[in-house]
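Quick note: the sequence shown uses this note's numbering, first residue 13, plus one each step.
The C-beta atom is built at its ideal place from N, Cα and C for all residues, glycine as well.
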Amino acid sequence: MDRDAYFEHLRRGIDAVDRWQDRRGPFEADDTLAVPGSRVAEALAELSERLEENYPYGHPRYAGQMMKPPHPIATLAYAIAMQINPNNHALDGGAATSRMEREVVTDLAAMFGFPEQHLGHLTGGGTIANIEALWVARSLHPERAIAASDQAHYTHGRGCDVLGIEFMPIASDTAGRMDLDALEAQLRFGKIGTVVATAGTTGLGTVDPIHEIIPLARQYGARVHVDAAYGGFFMLLARRADPPIVPAPFLAIADADSVVVDPHKHGLQPYGCGSVLFRDPAVGRFYVHDSPYTYFTSRDLHLGEISLECSRAGASAAALWTTLRCLPLAPDTGLGAIVARGRDAALLWSELISEGPYFRLVVEPDLDILALYPTPESSGATTASAISRLVDELFLAAEHDPQSPAFFAKLVVPQRLLAAHGPAIIWDQPTVTVLRSVLMKPEHLSFVPALNDTLVRQLTNIARTM
Ligand SMILES: *Cc1c(COP(=O)(O)O)cnc(C)c1O
């Protein structure tokens with residue numbers, strides 16, 4: 013969106029809020045709130061300077077962590093709704109944005125193929141959304157454990173700790189996905205109440221075999237929660253005629269008991285926007301409470317009655333709602349087309365890597381996350397510790413490349429993941445540090461060759477001086 017259009021939309025939106033408020037008669041802001049313009053300008057200039065400490069998350073040269081700025085439509089809608097600052101805890105606090113929240117949650121539920129009668133709401137993020145799902149899991153099976161793969165987000169182990177439930181890590185296979193034999197071995201003891209499957213692990217972006225986990229878990233009377241905080245929107249690609257992902261695990265989410273997806277990861281939203289959905293609306297009974305403070309305008313269900321959090325930004329719902337009006341949850345257009353670019357970028361880069369002698373992938377990418385490490389042949393580094401040191405150097409060298417800077421992340425992976433398909437690494441330590449790259453911006457597709465060139469150039473430089 014061009015700059016003039018952005019400011020014009022913002023001005024119109026804020027004007028509309030002002031006009032609406034002025035219908036109750038004009039009033040002057042209190043003079044304690046007034047600040048001289050020069051002080052504001054100074055403080056904001058200082059802010060801009062302080063912000064320079066960040067990595068350039070919005071630039072396609074940044075391919076490190078799961079980070080990117082929201083879509084301008086989302087920031088416009090957020091900024092406009094924030095003039096009112098509605099609170100989606102209760103209908104009195106945010107009637108309009110609560111309705112928008114219901115609508116977008118219905119859209120998310122439809123994307124996953126959940127039944128029309130479900131229960132769900134937005135949250136402050138994936139952590140609280142997952143804790144909420146674990147809390148419902150504990151309410152249903154108070155004496156039983158929660159199982160998740162050793163590649164699952166640490167939020168599950170920690171959440172179990174907070175809730176006082178036993179957490180059972182399940183080994184992952186050499187592709188980084190939950191190992192079904194390991195899961196069944198644990199299920200046999202009958203102690204597991206809920207299995208957490210991940211659609212897009214945070215480290216490697218791998219997708220657990222949800223379509224096999226669900227029938228297996230059910231066979232042993234266990235529920236299944238899907239943590240799709242990162243990968244949930246790849247669901248859209250599963251419905252394409254020629255899906256660039258393996259569709260079966262995603263299509264199986266429709267049968268899960270609950271699912272979490274973060275619009276603030278792949279949904280183009282500012283932070284503060286996660287969501288949790290439950291297939292059975294009857295779990296709403298666990299939330300029952302009687303707040304004396306907030307509910308008095310309506311007999312409708314307040315969102316605060318079905319969520320653990322109290323205050324939540326109504327502006328988040330407004331931002332997501334407006335974004336989905338413009339970029340819908342469609343397979344070939346809107347958000348589907350956007351996540352497909354990142355997937356294509358990962359496939360293209362995998363191809364470049366396999367063609368050259370320089371790097372090798374830790375696992376084949378399921379989504380848009382790649383993890384790679386320099387081969388011993390190209391670098392002379394043969395031990396796990398030498399490869400790790402080399403990756404530390406590469407990470408910094410790529411960032412400071414004068415010709416074509418590139419920003420990556422680092423990930424520590426266990427020997428087990430590499431041993432099956434890596435070259436003969438000498439394991440002088442149990443883990444190895446690899447480079448990790450999250451290709452979540454559609455612009456990454458055209459930058460993949462440049463990112464690859466930077467790494468190859470820097471690797472050759474470093475190897476020469478070793
Ligand atoms: C990011 C992430 C989380 C945590 O979500 P936040 O929004 O950061 O709180 C949980 N699980 C997975 C798989 C994630 O990628």
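So, for P417: in the same chain, excluding its five sequence neighbours on each side, which residues have a beta-carbon less than 8 Å away from its beta-carbon?
R73, A410, E411, T466.
Let me confirm a value: L471 is counted as buried when at least 16 other C-beta atoms fall within 10 Å, else exposed. Which label applies?
buried
When DSSP labels each residue in this structure, what does K422 get in the three-state scheme?
strand
Nearest residue (CA-CA) to A294, options S151, T139, S449, Y90:
Nearest to A294 by alpha-carbon distance, out of S151, T139, S449, Y90, is S151.
Any contact between the segment 175 to 183 and the segment 122 to 135? By contact I mean 3 or more CB pairs, one from each, below 8 Å.
no
Alpha-carbon to alpha-carbon, T477 and G279
44 Å
Could you tell me if P38 is buried or exposed, where buried requires 16 or more neighbouring beta carbons within 10 angstroms of its beta carbon?
exposed
Would you call the segment 184 to 196 in contact with the segment 214 to 221, where contact means no fewer than 3 C-beta pairs closer than 8 Å?
Touching, yes.
Need the endpoints of the beta strand (DSSP E) that F290 sits in, please.
For F290, the uninterrupted beta strand (DSSP E) segment begins and ends at 286 to 290.
Under 7 Å: does the beta carbon of T218 sit that close to some heavy atom of ligand 1?
no
Could you pull out every unbroken beta strand (DSSP E) segment of at least 3 residues lying fully inside the segment 97 to 183, listed in chain order?
As far as the segment 97 to 183 is concerned, its whole beta strand (DSSP E) runs of at least 3 residues are 131 to 135, 157 to 161, 179 to 182.
V207 and V236: beta carbons closer than 8 Å?
yes
DSSP puts V238 in a beta bridge; with which residues?
A209, V271
What are the boundary residues of the alpha helix (DSSP H) that includes V468?
456 to 477
Whole-angstrom Cβ separation of I204 and A264, contact assumed at under 8 Å?
I204 to A264, Cβ: 18 Å. No contact.
For ligand 1, any of its heavy atoms closer than 7 Å to the Cβ of K80?
Result no, Cβ not under 7 Å from ligand 1.
Whole-angstrom Cβ separation of L195 and L228, contact assumed at under 8 Å?
Indeed, because the Cβ distance is near 6 Å, the residues count as touching under 8 Å.
Is the closest heavy atom of ligand 1 to the C-beta of H133 under 7 Å?
Checking the Cβ of H133 against ligand 1 gives no.
Residue range of the beta strand (DSSP E) that includes Y385:
381 to 386
Under a three-way DSSP split, which group does M79 fall into?
coil
Does the beta-carbon distance from I26 to Q95 come in below 8 Å?
Closer than 8 Å, so yes.
Using only the heavy atoms of ligand 1, determine whether one of them is closer than 7 Å to the beta carbon of A241.
yes
Is H83 near ligand 1 - that is, is its Cβ less than 7 Å away from at least one heavy atom of it?
no
Would you kindly check if the distance between the Cβ of V238 and the Cβ of A260 is under 8 Å?
It is not a contact, given that the beta carbons lie outside the stated cut-off.
So which of D162, R114, A57 has the shortest CA-CA distance to I318?
R114
If I follow the unbroken beta strand (DSSP E) through R372, where does it start and stop?
371 to 373
Status (buried if at least 16 other CB within 10 Å, exposed otherwise) for F19:
Residue environment for F19: exposed (fewer than 16 other C-beta atoms within 10 angstroms of its C-beta).
Mind checking whether L451 and G348 have CB atoms under 8 Å apart?
no
The segment 102 to 111 contacting the segment 40 to 56, beta-carbon criterion three pairs below 8 Å
no
Using three-state DSSP, classify I204 as helix, strand or coil.
strand
Contacting residues, own chain, Cβ-Cβ under 7 Å from M112 (five flanking each side not counted):
Closer than 7 Å at the Cβ level, and outside the excluded window around M112, lie A329, A330, W333.
Please work out which residues of its chain come closer than 7 Å, Cβ to Cβ, to T309, disregarding the five sequence neighbours upstream and downstream, and give them in chain order.
Residue confidence is low: T309 scores 40 on pLDDT, short of 50, so the model does not pin down where it sits. No coordinate-derived value is stated.
Segment limits, beta strand (DSSP E) that includes S319
No beta strand (DSSP E) holds S319; DSSP gives it neither H nor E.
Just to confirm before moving on: does the CB-CB distance between L406 and L447 stay below 8 Å?
A Cβ-Cβ contact shorter than 8 Å links L406 with L447.
Using a threshold of 7 Å, is the CB atom of D274 nearer than that to any non-hydrogen atom of ligand 1?
yes
Residue span of the alpha helix (DSSP H) that contains S328, given as start and end:
326 to 338
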